[in-house]
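Undergrad: Dumping the structure here so I can ask a few things about it.
Residue numbers (the numbering used here): 216 to 383.
Right under this line is the structure:
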């Protein structure tokens with residue numbers, strides 16, 4: 216798809232509609248629901264930024280694979296995305312609990328029911344640093360809610376290499 220014609224309200228789509236972050240290939244992959252992320256530009260490349268905690272099973276797949284997808288769905292799949300965000304693929308076949316069908320792409324995985332899939336190639340990652348959170352903007356209670364018991368997220372930036380848009 217031509218990036219010049221690509222349209223998405225990312226602040227709404229990622230936060231309110233949710234999305235799936237998927238990494239891995241046919242032989243072994245995992246997915247998780249995300250509501251944090253962004254789309255933008257860095258180093259003159261269109262990019263997606265996502266955040267994953269090391270305790271999540273998907274983290275292993277983000278670390279060991281060069282490509283990942285973020286995919287968006289119609290409202291009728293919200294329950295499925297809830298399952299994929301609350302169950303671990305480490306312990307069970309959580310995809311079997313949903314109506315979603317894996318779709319194996321050249322270097323990664325998405326789902327046939329996605330209305331929009333953005334295929335990304337990892338170009339950067341970095342762990343967030345708790346010391347760099349501005350507690351004048353983010354209350355300490357919010358910082359504690361996310362990080363008192365668990366490690367910080369790792370940020371991944373992926374170059375957008377393909378967009379599969381079923382909306383058109």
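Ideal Cβ placement from N, Cα and C applies to all residues, glycine included. Since this is a predicted model, take the numbers as computed values, not measurements.
(1) In angstroms, rounded to a whole number, what distance separates the CA positions of residue 316 and residue 326?
(2) Only counting the same chain, and skipping five residues up and downstream in sequence, which positions put a Cβ closer than 6 angstroms to that of residue 303?
(3) For the structure I just gave you, are there three or more beta carbon pairs, one from the stretch 252–268 and one from the stretch 368–381, closer than 8 angstroms?
(4) Can you check DSSP and say which residues form a bridge with residue 342?
(5) With distances taken between CB atoms, is the gap from residue 269 to residue 369 smaller than 9 angstroms?
(6) Pull the bridge partners of residue 260 from the DSSP assignment, please.
(7) Just the Cα atoms here: how many angstroms apart are residue 231 and residue 250?
TA: For this structure:
(1) Counting from 1 along the chain shown, the entry for residue 316 is found at position 101. Counting from 1 along the chain shown, the entry for residue 326 is found at position 111. Cα-Cα distance, rounded: 5 angstroms.
(2) Translated into the one-based positions of the chain shown, residue 303 becomes position 88. Once the five neighbours on either side are set aside, the close Cβ partners of residue 303 are 272.
(3) yes
(4) Working through the chain shown from its first residue, we reach residue 342 at position 127. Residue 342 pairs with 369.
(5) Against the chain shown, residue 269 aligns to sequence position 54. Against the chain shown, residue 369 aligns to sequence position 154. A contact, by the Cβ cut-off of 9 angstroms.
(6) Walking along the chain shown from the start, residue 260 turns up at place 45. According to DSSP, which records beta bridges pairwise, residue 260 is partnered with 257.
(7) Position 16 of the chain shown, counting from 1, holds the residue named residue 231. Position 35 of the chain shown, counting from 1, holds the residue named residue 250. Approximately 7 angstroms, taken between the alpha carbons.
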